[in-house]
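Reviewing the structure listed below.
In the working numbering, the protein residues as written are 5 to 87.
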């Protein structure tokens with residue numbers, strides 16, 4: 005079952021994985037995105053929600069497709085509609 009908490013954590017994990025793949029720190033993403041460090045830490049720990057707009061900004065900073073950071077339920081729906 006999809007709920008806000010699991011969706012937020014899933015997005016946070018995808019952002020953290022993108023940070024690791026890019027060999028960048030949370031501080032770096034905070035500086036690049038203009039998101040306060042404390043806010044970004046709360047988002048990455050799943051304690052604060054992450055908006056679609058923030059996902060787009062983080063993806064741009066990390067030079068990845070925003071779709072790669074969306075919850076799996078969004079991706080499954082997009083794939084289903086494309087078929």
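Idealized CB from N, CA, C, for every residue including glycine.
Helix, strand or coil: how does DSSP classify residue 68 here?
Walking along the chain shown from the start, residue 68 turns up at place 64. It is coil, neither helix nor strand.
Among 74, 27 and 22, whose alpha-carbon lies nearest the alpha-carbon of residue 53?
Here residue 53 refers to the residue found at position 49 when the chain shown is read from its first residue. If we check each option's Cα against that of residue 53, 74 comes out closest.
Would you mind stating whether residue 26 and residue 48 have Cβ atoms separated by less than 7 Å?
Looking up residue 26 in the chain shown gives position 22. Looking up residue 48 in the chain shown gives position 44. No. Outside cutoff.
Residue range of the alpha helix (DSSP H) that includes residue 17:
As a first step, residue 17 must be located in the chain shown, where it is residue number 13. Here the alpha helix (DSSP H) through residue 17 covers 8–25.
Beta-carbon separation of residue 61 and residue 22 under 7 Å?
Against the chain shown, residue 61 aligns to sequence position 57. Against the chain shown, residue 22 aligns to sequence position 18. No. Outside cutoff.
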